[in-house]
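Residue numbers (the numbering used here): 23 to 493. We put the beta carbon where it would ideally sit given N, CA and C, even for glycine. Let me begin by presenting the structure, written as structure tokens, before commenting on it.
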Amino acid sequence: MSVEYTDGRQFAGELWMPGDPGYMESCFHRVYHSRLPARLPAAVLRAANTDDVVAGVHLARERGWIVGLRSGGHSFPVWGVREGGLLIDLANLNDMSFDRETGIVRVGPAIAGGRELNPYLEQFGMFFPGGGCSDVGLGGFLLQGGIGWNFRGWGFSAEQIVAIDVVTADGELVHADEKENSDLFWAARGAGPGYCGVITNFYLRTRPLPQGLSSTLQIFSADDYADVLDWLCAEQVNFDPLVHLVAISLVPQFPIPGHRDGELGFAIWAVAFCDSMEEADAALRPIIGGPFAEKAEHTVPPHPTTLEAEYAFVDSSHPPNRRYRVDSAWVEGSPKAITSASTRLVLERPRNEPGHTFFQFALPRQGPDMAMSLRTNVMVGAYIIYQDAADDDRYQDWLLSAMGELEPLTIGQYWGDSDQQVRRVKCLTDDAWKRLRRIRAERDPDGVFADYLAGSVPFDNTNEWQTEGSS
Ligand SMILES: Cc1cc2nc3c(=O)[nH]c(=O)nc-3n(C[C@H](O)[C@H](O)[C@H](O)COP(=O)(O)OP(=O)(O)OC[C@H]3O[C@@H](n4cnc5c(N)ncnc54)[C@H](O)[C@@H]3O)c2cc1C
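Quick look at the structure:
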């Protein structure tokens, strides 16, 4: 549908203003979860194509609106919806093309890594390590670094971006890579929800689809969590770098003999991304046969799996249209200290919901020079997933106090599992933050693009409990 706006601009897509039929629906269209903010934009543009994005940036400049963006609609604080701003919804920037010669795939930002990109790449025998949930949009995911399949061994998914197309604050479409517009390229790999442009295409390096894809799951009684977690924190650095490894506190969703219904368990979930099943089995053996193996209440031995099956496993514990409270911490400390500071998050978490506390492991490694620069070998994340708005405050208070116990060990936080309106935590190294602010000031001096969304004070990349005078 062609929409003519009062300024005489033509959009091939759709534009809604408050009062227009469909305006409210357009504000939260495709938002994955149901805890929506009270903020409302001055207008919503569902761009049909890149020209619309360019025109939208010009319109926002003329009107003095800040620009917020939506790619996949998964950000927990719904970052793209800004009071009085222009929300540009990139839903229709969703095409993909694969270059067989280079192994590089070009994707629009609204493409979902699991539901769309990997099924497309499969025909070429390739894959891309997007987020664990099949539906997460690549736009927001890649901008914040991206913790995808085998983050432990391969690092952030954004390391695989080789170039981008960006609409700048001047409303100009440019290409950026390590040589051309290298500042925009550097910033795109980690700036998270404060980038100074609209990325209309990502060019991503892909990997051959592993021939030895094997998965295993062990569930222990929560009483054994400290032994198991302590061992994993100490030993994970010695496991095969092709093993994706996560430990999870959760209420098992199926009956387990000897495990009381509705009670928390502590799971080790590992997926090997190897070249053959023999290699995969060998890679998983030290994990499944660890010192506490005999104590496991339930063991699914290593077995051939598919990406589809692993996505389904993750999706089952992240239902849509629920209220989510999430938080995270990159922690550093002895295995015993991490285990002990996580006790509340693991043992006292709410039980009547499908949420979980997870420990995402990573091998020590030096990634490329990019904005996402802060990480440790263990990330702790907590998701509370519920239905009733009456529980909002109770769960927020619980999460804040449980995450507070990790603060002495907390180096920072992951953009993807954060809400700086609730808890201000550092997401980038100090050097990267300074460089990013410089790039933003040069590229977007008028502040066309929405800056980080924080609480009563602007986000300044500090840990609030370490900031002088903070409460
Ligand atoms: C169920 C669920 C599972 C998740 N699992 C994972 C996971 O496994 N790994 C992980 O790392 N994260 C995960 N996340 C977090 C998720 O990656 C982030 O919320 C991310 O921001 C989602 O990207 P999006 O494009 O869907 O979000 P959106 O809400 O559409 O975008 C978020 C923000 O990113 C910026 N942005 C998005 N697109 C562009 C663009 N094209 N140009 C410039 N800026 C842009 C904007 O600031 C935008 O407001 C999960 C989230 C959910 C809800």
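Judged by DSSP secondary structure, A65 falls outside any alpha helix (DSSP H) and instead within the beta strand (DSSP E) spanning A65 to R68. In the DSSP assignment, P308 falls within the unbroken alpha helix (DSSP H) covering M299 to I310. Between the C-alpha atoms of A289 and H325 there is a straight-line separation of about 17 Å.
The three-state secondary structure of E181, taken from DSSP, is helix.
For secondary structure counted as the alpha helix (DSSP H) over 4 or more consecutive residues, the segment 164-246 holds these complete runs in sequence order: 173-176 and 204-210.
By the Cβ neighbour-count rule, K448 is buried, with 16 or more other Cβ atoms within 10 Å of its own. Runs of the beta strand (DSSP E) lying entirely within the segment 396-426, each at least 3 residues long, are 400-408 in chain order. Here A393 really is in contact with L458; their C-beta atoms are around 5 Å apart, less than 8 Å. S48 carries a helical assignment under DSSP once its states are collapsed to helix, strand and coil.
When beta bridges are read from the DSSP output, W291 appears opposite L239 and V268. For E144, the enclosing alpha helix (DSSP H) begins and ends at N140 to E144. When the five nearest sequence neighbours on each side are left out, the beta carbons in the same chain lying within less than 6 Å of the beta carbon of F50 are those of L58, in order along the chain. Per DSSP, P99 lies in no alpha helix (DSSP H) and is assigned neither H nor E.
The count of Cβ pairs closer than 8 Å, one atom from the segment 172-185 and one from the segment 143-155, reaches three, so the stretches are in contact. Taking 7 Å as the cut-off, the C-beta of Q166 counts as close to a heavy atom of ligand 1. Listed as beta-bridge partners of D111 by DSSP are R68 and R92. Residue burial annotation: T238 is buried, with at least 16 other C-beta atoms found within 10 angstroms of its C-beta. Relative to ligand 1, the beta carbon of F380 is positioned no closer than 7 Å to any heavy atom. The three-state reading of DSSP puts L251 in helix, counting H, G and I together. In this structure, A472 places its C-beta atom within 8 Å of the C-beta atom of R104. Residue state for Y333 is assigned as helix, using DSSP reduced to three classes. Taking 7 Å as the cut-off, the C-beta of Y54 counts as close to a heavy atom of ligand 1. In the structure shown, the three-state DSSP call for A363 is helix. In this structure, ligand 1 has a non-hydrogen atom nearer than 7 Å to the beta-carbon of L91. Scanning its chain for C-beta atoms nearer than 8 Å, with the 5 sequence neighbours on each side dropped, one finds around V444 the residues D349, Q418, L422 and G477, in chain order. For A134, the three-state secondary structure derived from DSSP is strand.
A straight line joining the alpha-carbon of T190 with that of P467 spans about 11 Å. Selection A463, D252 and L286 evaluated against P313 yields D252 as nearest (Cα-Cα).
When DSSP reads this structure, R347 sits in a beta bridge with I406.
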